[in-house]
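Trainee: First, the structure itself, so that you have it in front of you.
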Amino acid sequence: MRFLFKTDYNQDIRLAKHGGHTFWYSLLGLFLVVAPWALPEYWLAQLTFVLIYAVVGLGLMLLAGFTGLFSLGHAAFLGVGAYTQAIMVNAGIPFPLALACAGLLSAAVGMVVGLPALRVKGIYLGMATLAFGFIVEEVIARWEHVTGGNAGLMVQYPTLFGWALDSTDEFYFLCLVVTVLATLGIVNLMRSSTGRAFVAIRDSEISAQSMGIQLARYKTLSFALSAALAGIGGALYAHKIQFLSPEQFSIIQSIDLLLMVVIGGLGSIHGAFLGAIFLIVMPQLISLGKDFLPEAIGQAAGLQGAVYGIVLIAFVLFEPMGLYGRWLKVRTWFQLFPFYRKGLFKRQKTFQKSDRLK
Amino acid sequence: MNQDVLLSARNLSVRFGGVLAVNNVSFDVKRGEVFTLIGPNGAGKTTVFNLISRIYTPTTGTIDYAGPGGMLRLTDQAPHQIAKLGIARTFQNIELFEHATVLQNLLIGRHTHRRTGLWSEIFFTRQTRAAEIEAREKVEQVIELLDLQHHRESMVAGLPYGVRKVVELARALCTEPKLLLLDEPSSGLNVEETEDMAFWITDIKEELGITVLMVEHDMSLVSKVSDRVLAMSMGTELASGTPAQVQSDPGVIEAYLGSMDDVSSLRRENHKVSA
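Residue numbers (this note's numbering), protein chains in the order written: chain G, 19 to 376; chain Z, 270 to 544.
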């Protein structure tokens, strides 16, 4: 059991709250740095995908987990970022500039899509963003002389100041740097007033407003930041996958992204990463498990979708806090051993929320 | 206009469809006093609060407020600007940010005093850190005042009702208001907690110099802390004055208990006569 003796307000602001944090995050950092030498190339590529999805997940976590606005069309921002990056890099524009443009353009689109969020919420916002996702997919498919339409679009290697990042290792490091910067940015935002304003809007709009938080401004900001991160993730995705086509940014991708943050654990930054690991590792596990299943089930089309559906339902029913919530419980079990009680994480339900005033 | 007046409501009316929730109500809140709205359920007290915090717009009438730059028309302001003008409120049914700690809730109360921009927060510059420490120091003063030290790190979702009520009051104080709107501060509290609340309201008025406008049903609390009381019924004003004057007003007694005419029909003698 660890007791923190606090003597300074900086202790609550610091990123690493105690020695344990410093130790474990240093170890993780060390692993990520030596990964290209420690892991086979295939798994390094999977790790790169985890990092890319984590960036997108951070964005969606900001929107869904911290601001409470659900987007069912997040793949569209991924697509906007991916195509912007692909078209610009193919036209010979340097990688950093193209990445910035991918993020900015996605953010601009995100602000426009955020407009209905100022009026509608919950399921209605889901429908509005879903419709937007379809529109973007359709635009990508139809705008053939720019996007290549359904025939697809090849993407060149990123070049950084004349240095072509064409190997798995080099691109991995690029993704690692982007992911670390994005994570630090979001963590910093969440420990300052803007992050708290997002949380306030999620928990009670009416009192957020009476605390002086301008709902329209912060909801739009949340959409813009979320879309920017999805766009940056999309740009990296474009380089990693090297071939873009409209169906990669369909409703299925949007649902995968939402699944990622819900299973990871809404409202935690760790959740974005755990969800990304889940999203990448799960298909591998399913394909490994196929051989042990009867042929009628193992070879059936849609097995992956069914497994995802079951996992999602199981999480919603048994672990609404997601993988991160489960991890918190395991950690507490070890910290308190042998005094862990089953009801430790139970929250009392309140039945006296006032009607939300519109 | 009188220099002492902090908030002045003139001829306020609100109509929701066919319901006239507030009907031609006027009152002045003076600086440094505790002004209480009382009245039976559905009298329109909370609606008046929602008019001041700009959740509703009055159908007719105006609210003027002595803001930082002189008298201004409150009814022309956007809802999020109200806090910046120095008006904070609590809610009848507690509207805290449930999935955040008490400390975070109180820090959200400092929102109108933030000085950092988005980019300096993303990079967490030295300036942002200084601003965070400063906000924390202000919050700690409120924690000290309301004895919330034990609950600082707890999630609001796990706190008992009585403590949440205090946290909500603390959050309102963190905005450093000039006018504090308390919507039923004692509802759901036990006798001891209500006494604490009375003590704190007096403290807030006398030590912090904050003007308090509250809605309250508990008459012992009302008479203990209020300087002036306005009684409302069915959206209209009934009486105003000191707590004692209002309590002895025949109109107020009638609104709460019904008139002698209503009651007389229930008397046994009358039944005998009619039978």
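We put the CB at the ideal spot given by N, CA and C, even for glycine.
Please read these numbers as outputs of a predicted model, since none were measured by experiment.
Just to confirm before moving on: does the CB-CB distance between glycine 132 of chain G and alanine 246 of chain G stay below 9 Å?
Mentor: Translated into positions along the first sequence, residue 132 of chain G becomes position 114. Translated into positions along the first sequence, residue 246 of chain G becomes position 228. Going by C-beta atoms, glycine 132 of chain G is not nearer than 9 Å to alanine 246 of chain G.
Trainee: If I measure Cβ to Cβ from aspartate 496 of chain Z and keep anything under 6 Å in the same chain, skipping five residues before and after, which residues do I get?
Mentor: In the second sequence, counting from the first residue as 1, residue 496 of chain Z sits at position 227. Cβ within range, chain order: Glu302, Val303.
Trainee: At 3 residues or longer, and completely inside the segment 281-348 of chain Z: list those beta strand (DSSP E) runs for me, N to C.
Mentor: 288-299, 303-307, 329-336, 339-342
Trainee: May I have the straight-line CA-CA distance separating valine 386 of chain Z from glutamate 401 of chain Z, to the nearest angstrom?
Mentor: Here the question's residue 386 of chain Z lines up with position 117 in the second sequence. Here the question's residue 401 of chain Z lines up with position 132 in the second sequence. First, the residue type needs correcting, since residue 386 of chain Z is glycine and not valine in the sequence shown. Using only the alpha carbons, I get a separation of about 13 Å.
Trainee: Is the CB-CB distance between phenylalanine 88 of chain G and alanine 82 of chain G below 9 Å?
Mentor: Position 70 of the first sequence, counted from the first residue, corresponds to residue 88 of chain G. Position 64 of the first sequence, counted from the first residue, corresponds to residue 82 of chain G. Result yes, Cβ atoms of phenylalanine 88 of chain G and alanine 82 of chain G sit closer than 9 Å.
Trainee: What does a CB cutoff of less than 6 Å around threonine 85 of chain G pick up in its chain, not counting 5 residues either side in sequence?
Mentor: Working through the first sequence from its first residue, we reach residue 85 of chain G at position 67. Excluding sequence neighbours, threonine 85 of chain G sits near Phe216, Ile219, Arg220, Ser240.
Trainee: With a threshold of 6 Å on Cβ separation, who are the neighbours of alanine 226 of chain G within its own chain once the five nearest residues in sequence on each side are excluded?
Mentor: The residue given as residue 226 of chain G occupies position 208 in the first sequence. Cβ within range, chain order: Ala218, Ile219.
Trainee: Could you compute how far the alpha carbon of glycine 282 of chain G sits from the alpha carbon of alanine 72 of chain G?
Mentor: As a working note, residue 282 of chain G is residue 264 in the first sequence. As a working note, residue 72 of chain G is residue 54 in the first sequence. Taking the straight line joining both Cα atoms gives about 10 Å.
Trainee: Pick from Z:Pro327, Z:Lys434, Z:Leu354: whose alpha carbon is nearest that of glycine 336 of chain Z?
Mentor: Taking the first residue of the second sequence as position 1, residue 336 of chain Z is located at position 67. Nearest of Z:Pro327, Z:Lys434, Z:Leu354 to glycine 336 of chain Z, Cα basis: Z:Leu354.
Trainee: Any beta-carbon of chain Z closer than 9 Å to the one on alanine 218 of chain G?
Mentor: Here residue 218 of chain G refers to the residue found at position 200 when the first sequence is read from its first residue. Judged by the 9 Å Cβ criterion, alanine 218 of chain G is in contact with chain Z.
Trainee: In this structure, does DSSP put arginine 137 of chain G in helix, strand or coil?
Mentor: Here residue 137 of chain G refers to the residue found at position 119 when the first sequence is read from its first residue. Collapsing the DSSP output to three states places arginine 137 of chain G in coil.
Trainee: Whole alpha helix (DSSP H) runs in the segment 154-228 of chain G with 4 or more residues, listed along the chain?
Mentor: 162-165, 186-208, 211-221, 223-228
Trainee: Identify whether lysine 371 of chain G lies in helix, strand or coil by the three-state DSSP scheme.
Mentor: As a working mapping, residue 371 of chain G is identified with position 353 in the first sequence. Annotation note: pLDDT 46 at lysine 371 of chain G (below 50); position unreliable, coordinate value reported separately. Here lysine 371 of chain G sits in coil by DSSP.
Trainee: For glutamate 523 of chain Z, which residues from the same chain have a beta carbon less than 7 Å from its beta carbon, with the 5 sequence-adjacent residues on both sides left out?
Mentor: One-based indexing of the second sequence puts residue 523 of chain Z at position 254. Taken in chain order, the list of residues that qualify is empty.
Trainee: Taking the alpha-carbon of glycine 110 of chain G as reference, which of G:Leu192, G:Asp187, G:Gln174, G:Pro312 has the nearest alpha-carbon?
Mentor: Here residue 110 of chain G refers to the residue found at position 92 when the first sequence is read from its first residue. Of the listed residues, the one whose Cα sits closest to glycine 110 of chain G is G:Gln174.
Trainee: Apart from the five residues on each side of it in sequence, which residues of its chain come closer than 8 Å, Cβ to Cβ, to alanine 513 of chain Z?
Mentor: For the purposes of this step, residue 513 of chain Z is identified with residue 244 of the second sequence, where counting begins at 1. Around alanine 513 of chain Z: Ser492.
Trainee: Decide if leucine 178 of chain G is buried, meaning its Cβ has at least 16 other Cβ atoms within 10 Å, or exposed.
Mentor: Looking up residue 178 of chain G in the first sequence gives position 160. Classification of leucine 178 of chain G: exposed, given that the 10 Å Cβ count is below 16.
Trainee: Measure from the C-beta of alanine 324 of chain G to each C-beta in chain Z and report whether the shortest distance is under 9 Å.
Mentor: Against the first sequence, residue 324 of chain G aligns to sequence position 306. No, its Cβ sits nowhere closer than 9 Å to a Cβ of chain Z.
Trainee: Report buried or exposed for glycine 180 of chain G, applying the criterion of at least 16 other Cβ atoms within 10 angstroms of its Cβ.
Mentor: The residue labelled residue 180 of chain G in the question sits at position 162 within the first sequence. Result: exposed.
Trainee: Counting only C-beta atoms, is tyrosine 27 of chain G closer than 9 Å to chain Z at any point?
Mentor: Along the first sequence, one-based indexing puts residue 27 of chain G at 9. Chain Z contact via Cβ: present.
Trainee: Would you kindly check if the distance between the Cβ of threonine 102 of chain G and the Cβ of alanine 253 of chain G is under 9 Å?
Mentor: Sequence index remark: in the first sequence, residue 253 of chain G carries index 235 (1-based). Sequence index remark: in the first sequence, residue 102 of chain G carries index 84 (1-based). Yes. Within cutoff.
Trainee: Where does methionine 340 of chain Z land, buried or exposed, given buried means 16+ other C-beta within 10 angstroms?
Mentor: Within the second sequence, residue 340 of chain Z is the residue found at index 71, counting from 1. Methionine 340 of chain Z comes out exposed.
Trainee: Under 9 Å, Cβ to Cβ, is there at least one residue of chain G near phenylalanine 285 of chain Z?
Mentor: Translated into positions along the second sequence, residue 285 of chain Z becomes position 16. It does not: the Cβ of phenylalanine 285 of chain Z has no partner Cβ on chain G nearer than 9 Å.
Trainee: Among G:Phe296, G:Glu265, G:Ala120, whose alpha-carbon lies nearest the alpha-carbon of glycine 166 of chain G?
Mentor: The count along the first sequence starts at 1 and reaches residue 166 of chain G at position 148. Measuring from the Cα of glycine 166 of chain G, the nearest candidate turns out to be G:Glu265.
Trainee: Just the Cα atoms here: how many angstroms apart are glycine 97 of chain G and phenylalanine 191 of chain G?
Mentor: For the purposes of this step, residue 97 of chain G is identified with residue 79 of the first sequence, where counting begins at 1. For the purposes of this step, residue 191 of chain G is identified with residue 173 of the first sequence, where counting begins at 1. C-alpha separation (whole angstroms): 23 Å.
Trainee: Residues of chain G with CB under 7 Å from arginine 398 of chain Z, in chain order?
Mentor: What you label residue 398 of chain Z is simply residue 129 of the second sequence in a count that begins at 1. Chain G residues near arginine 398 of chain Z: Ile31.
Trainee: Exposed or buried, glutamine 260 of chain G, counting other C-beta atoms within 10 Å across all chains shown (16 or more means buried)?
Mentor: On the first sequence, residue 260 of chain G is found 242 positions in, with the first residue counted as 1. Exposed, because fewer than 16 other Cβ atoms sit within 10 Å of the Cβ of glutamine 260 of chain G.
Trainee: Establish whether the CB of lysine 353 of chain Z and some CB of chain G are separated by less than 9 Å.
Mentor: Position 84 of the second sequence holds residue 353 of chain Z. Chain G contact via Cβ: present.
Trainee: Just the C-alpha distance for glycine 320 of chain G and phenylalanine 296 of chain G, rounded to the nearest angstrom, thanks.
Mentor: In the first sequence, counting from the first residue as 1, residue 320 of chain G sits at position 302. In the first sequence, counting from the first residue as 1, residue 296 of chain G sits at position 278. Distance between the alpha carbons of glycine 320 of chain G and phenylalanine 296 of chain G: 18 Å.
Trainee: Below 8 Å on the Cβ atoms is my guess for leucine 320 of chain Z versus valine 298 of chain Z; work out the distance and round it to an integer in Å.
Mentor: Here residue 320 of chain Z is taken as the residue at index 51 of the second sequence, counted from 1. Here residue 298 of chain Z is taken as the residue at index 29 of the second sequence, counted from 1. With a Cβ gap of about 13 Å, leucine 320 of chain Z and valine 298 of chain Z do not count as contacting.
Trainee: Please report the straight-line C-alpha distance between glycine 308 of chain Z and glycine 91 of chain G, rounded to a whole angstrom.
Mentor: On the second sequence, position 39 is the one that residue 308 of chain Z refers to. On the first sequence, position 73 is the one that residue 91 of chain G refers to. Distance between the alpha carbons of glycine 308 of chain Z and glycine 91 of chain G is about 50 Å.
Trainee: Check the C-beta distance from alanine 104 of chain G over to leucine 292 of chain G and give it rounded, since I have them as a contact under 8 Å.
Mentor: As a first step, residue 104 of chain G must be located in the first sequence, where it is residue number 86. As a first step, residue 292 of chain G must be located in the first sequence, where it is residue number 274. Going by Cβ atoms, the distance from alanine 104 of chain G to leucine 292 of chain G rounds to 29 Å, so no, they are not a contact pair.
Trainee: Taking 9 Å as the threshold (C-beta atoms), are methionine 483 of chain Z and glutamate 453 of chain Z in contact?
Mentor: Here residue 453 of chain Z is taken as the residue at index 184 of the second sequence, counted from 1. Here residue 483 of chain Z is taken as the residue at index 214 of the second sequence, counted from 1. In contact: glutamate 453 of chain Z and methionine 483 of chain Z (Cβ atoms closer than 9 Å).
Trainee: Counting only Cβ pairs nearer than 7 Å, list the residues of chain Z close to glycine 203 of chain G.
Mentor: For the purposes of this step, residue 203 of chain G is identified with residue 185 of the first sequence, where counting begins at 1. Under the 7 Å cutoff, chain Z gives Ile391.
Trainee: Please list, in chain order, the chain B residues whose beta carbon lies closer than 8 Å to that of arginine 342 of chain Z.
Mentor: In the structure shown, chain B cannot be found, because the protein chains are G and Z.
Trainee: Considering valine 481 of chain Z, what are the terminal residues of the alpha helix (DSSP H) in which it resides?
Mentor: Locating residue 481 of chain Z in the second sequence gives position 212, counting from the first residue. Where valine 481 of chain Z is concerned, there is no enclosing alpha helix (DSSP H), although the beta strand (DSSP E) it sits in stretches over 480-484.
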